[in-house]
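Asks: In this note's numbering, the protein residues as written are 1 to 319. The following block contains the structure, expressed as structure tokens.
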């Protein structure tokens with residue numbers, strides 16, 4: 001009986017050690033895949049000490065595709081980095097900024113993209129697999145609940161990869177020098193293209209109540225206020241900015257309560273608020289790829305105007 005128990009124990013130990021080693025290999029391989037987030041700033045980049053921007057842009061996908069660092073850099077003479085993240089609310093943006101700020105120099109200015117979705121606290125899990133190799137990071141751990149992570153993802157070997165066998169394969173291939181993803185496409189965290197306008201997408205959005213209704217979380221409001229207070233303690237200038245949306249969609253958005261929150265915070269903390277929702281070209285579909293997002297031409301036009309306004313209204317405070 002003792003011999004049998006010994007064999008069982010030995011099997012369990014070998015299985016645990018083997019699973020742990022497999023996770024280490026997969027984690028290491030995925031970390032090496034710097035192009036895993038080919039169209040936005042990766043976690044690996046946030047954890048590096050190479051970004052060191054004077055101006056940081058944060059927010060959801062509208063931040064990601066609207067604020068063109070190269071255009072803003074050309075006008076302001078400042079190094080710009082876009083850490084926007086697709087499909088996520090402010091809590092995830094806050095986490096990504098903490099990762100950035102822990103490993104890079106303090107920025108002079110942080111541009112916070114504001115809109116009807118930013119003051120939400122519900123993360124839909126989209127893109128959470130990018131964080132799997134980094135779950136030992138203390139900052140990411142403090143935001144576990146936003147992505148639905150638990151102690152099991154942190155401490156049980158390979159639990160986080162359970163059912164995601166394709167990702168395991170990618171990690172193993174990467175660990176031996178084969179990178180199955182395309183080369184990095186973004187410039188300082190920004191990526192966009194001149195995709196044609198998707199009218200069908202807009203019609204779908206207008207028929208979807210969640211796209212036009214606005215429900216902001218008081219938890220998210222408190223989190224944003226905490227971020228503002230931390231930034232001001234560090235003498236970092238902040239800017240609220242509403243990037244353009246296609247005018248037809250904007251007319252259907254119920255933004256009063258949401259914008260009231262932003263305006264109150266703008267006044268309370270003396271933060272400039274720049275609203276580009278009614279720019280003259282917002283009704284021209286040539287500058288959008290769907291109702292919520294500008295295309296490359298729209299981002300260039302918007303970023304040029306924003307950079308000029310930063311010089312005129314904000315930059316004097318960042319010198």
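Ideal placement from N, C-alpha and C gives every residue a C-beta, glycine not left out.
Taking only the alpha-carbon atoms, compute the straight-line gap between residue 8 and residue 39 and give it to the nearest angstrom.
Replies: The residue labelled residue 8 in the question sits at position 8 within the chain shown. The residue labelled residue 39 in the question sits at position 39 within the chain shown. Cα to Cα, the separation comes out at about 47 Å.
Asks: My assumption, with CB atoms under 8 Å, is that residue 282 sits in contact with residue 308. Please give the rounded CB distance.
Replies: Sequence index remark: in the chain shown, residue 282 carries index 282 (1-based). Sequence index remark: in the chain shown, residue 308 carries index 308 (1-based). Contact between residue 282 and residue 308 fails: their C-beta atoms lie close to 18 Å from each other, not under 8 Å.
Asks: In whole angstroms, what is the alpha-carbon distance linking residue 277 and residue 300?
Replies: Here the question's residue 277 lines up with position 277 in the chain shown. Here the question's residue 300 lines up with position 300 in the chain shown. The alpha-carbon atoms of residue 277 and residue 300 are separated by roughly 16 Å.
Asks: Buried or exposed, going by whether 16 or more other CB atoms sit within 10 Å of the CB of residue 146?
Replies: By 1-based counting over the chain shown, the position of residue 146 is 146. Under this definition residue 146 is a buried residue.
Asks: Count the other CB atoms, across all protein chains shown, that sit within 10 Å of the CB of residue 140; report buried if there are 16 or more and exposed otherwise.
Replies: On the chain shown, position 140 is the one that residue 140 refers to. It is buried - the Cβ of residue 140 has at least 16 other Cβ atoms within 10 Å.
Asks: Would you mind reading off the limits of the beta strand (DSSP E) that contains residue 240?
Replies: As a working note, residue 240 is residue 240 in the chain shown. Where residue 240 is concerned, the enclosing beta strand (DSSP E) starts and stops at 237-242.
Asks: Mark residue 241 as exposed unless 16 or more other C-beta atoms lie within 10 angstroms of its C-beta, in which case mark it buried.
Replies: Along the chain shown, one-based indexing puts residue 241 at 241. Note on residue 241: 16 or more other CB atoms within 10 angstroms of its CB, so buried under the neighbour-count rule.
Asks: Kindly examine the ligand FMN and report whether one of its heavy atoms sits closer than 6 Å to the Cβ of residue 312.
Replies: Of ligands this structure carries none, so the ligand FMN is not represented either.
Asks: Starting from residue 221, trace the alpha helix (DSSP H) in both directions and tell me its first and last residue.
Replies: For the purposes of this step, residue 221 is taken as the residue at position 221 of the chain shown. Unbroken alpha helix (DSSP H) run through residue 221: 218-233.
Asks: Of the choices 192, 158, 110, whose alpha-carbon is the least far from that of residue 86?
Replies: Within the chain shown, numbered from 1, the residue matching residue 86 stands at position 86. It is 192.
Asks: Beta strand (DSSP E) containing residue 85: first to last residue?
Replies: As a first step, residue 85 is located in the chain shown; it is residue number 85 there, counting from the start. Run containing residue 85: none; DSSP gives neither H nor E here.
Asks: Which term fits residue 235, buried or exposed, when burial requires 16 or more other beta carbons within 10 angstroms of its beta carbon?
Replies: On the chain shown, position 235 is the one that residue 235 refers to. Residue 235 comes out exposed.
Asks: Do you know offhand how far residue 36's Cα is from residue 265's?
Replies: Numbered from 1 along the chain shown, position 36 holds the residue referred to as residue 36. Numbered from 1 along the chain shown, position 265 holds the residue referred to as residue 265. The predicted model places residue 36 with a pLDDT of 48, which falls under 50 and marks its position as unreliable, so this point remains unresolved.
Asks: Between the alpha carbons of residue 46 and residue 54, how many angstroms are there, rounded?
Replies: As a first step, residue 46 is located in the chain shown; it is residue number 46 there, counting from the start. As a first step, residue 54 is located in the chain shown; it is residue number 54 there, counting from the start. Residue 46 and residue 54: Cα-Cα distance of roughly 15 Å.
Asks: Taking the straight line between their C-alpha atoms, what separation do you get for residue 106 and residue 256?
Replies: Start at 1 with the first residue of the chain shown, and residue 106 comes out as number 106. Start at 1 with the first residue of the chain shown, and residue 256 comes out as number 256. Approximately 33 Å between the Cα atoms of the pair.
Asks: Please report the straight-line C-alpha distance between residue 31 and residue 176, rounded to a whole angstrom.
Replies: Indexing the chain shown from 1 puts residue 31 at position 31. Indexing the chain shown from 1 puts residue 176 at position 176. Between residue 31 and residue 176, the C-alpha separation is close to 13 Å.
Asks: Put residue 51 into one of helix, strand or coil per three-state DSSP.
Replies: Against the chain shown, residue 51 aligns to sequence position 51. Residue 51 falls in the coil class under three-state DSSP.
Asks: DSSP state of residue 30, grouped into three classes?
Replies: In the chain shown, the residue the question calls residue 30 occupies position 30. Note: residue 30 maps to helix in three-state DSSP.
Asks: Quick check on the DSSP output: what are the complete beta strand (DSSP E) runs of length 3 or more inside the segment 257-285, in order along the chain?
Replies: 273-275
Asks: Can you give the beta carbon distance from residue 303 to residue 114, rounded, assuming they're within the 8 Å contact cut?
Replies: For the purposes of this step, residue 303 is taken as the residue at position 303 of the chain shown. For the purposes of this step, residue 114 is taken as the residue at position 114 of the chain shown. Not really, about 16 Å apart at Cβ, beyond 8 Å.
Asks: Note down, in chain order, each residue of its chain lying with its Cβ closer than 7 Å to the Cβ of residue 325, except the 5 sequence neighbours on either side.
Replies: Outside the displayed span of the chain (1 to 319) sits residue 325, for which this structure offers no information.
Asks: Return the CA-CA distance between residue 129 and residue 43, expressed in angstroms with no decimal places.
Replies: One-based indexing of the chain shown puts residue 129 at position 129. One-based indexing of the chain shown puts residue 43 at position 43. Distance between the alpha carbons of residue 129 and residue 43 is about 11 Å.
Asks: When the Cα atoms are used, what is the spatial distance from residue 291 to residue 108?
Replies: The residue you call residue 291 lines up with position 291 of the chain shown. The residue you call residue 108 lines up with position 108 of the chain shown. One C-alpha to the other measures close to 32 Å.
Asks: Work out the CA separation of residue 14 and residue 62 for me, nearest whole Å.
Replies: The sequence position of residue 62 within the chain shown is 62, counting from 1. The sequence position of residue 14 within the chain shown is 14, counting from 1. Those two C-alpha atoms are separated by around 48 Å.
Asks: Please report the straight-line C-alpha distance between residue 135 and residue 151, rounded to a whole angstrom.
Replies: Within the chain shown, the letter at position 135 stands for residue 135. Within the chain shown, the letter at position 151 stands for residue 151. So the two alpha carbons sit approximately 10 Å from each other.
Asks: In three-state DSSP terms, what is residue 288?
Replies: Sequence index remark: in the chain shown, residue 288 carries index 288 (1-based). Strand.
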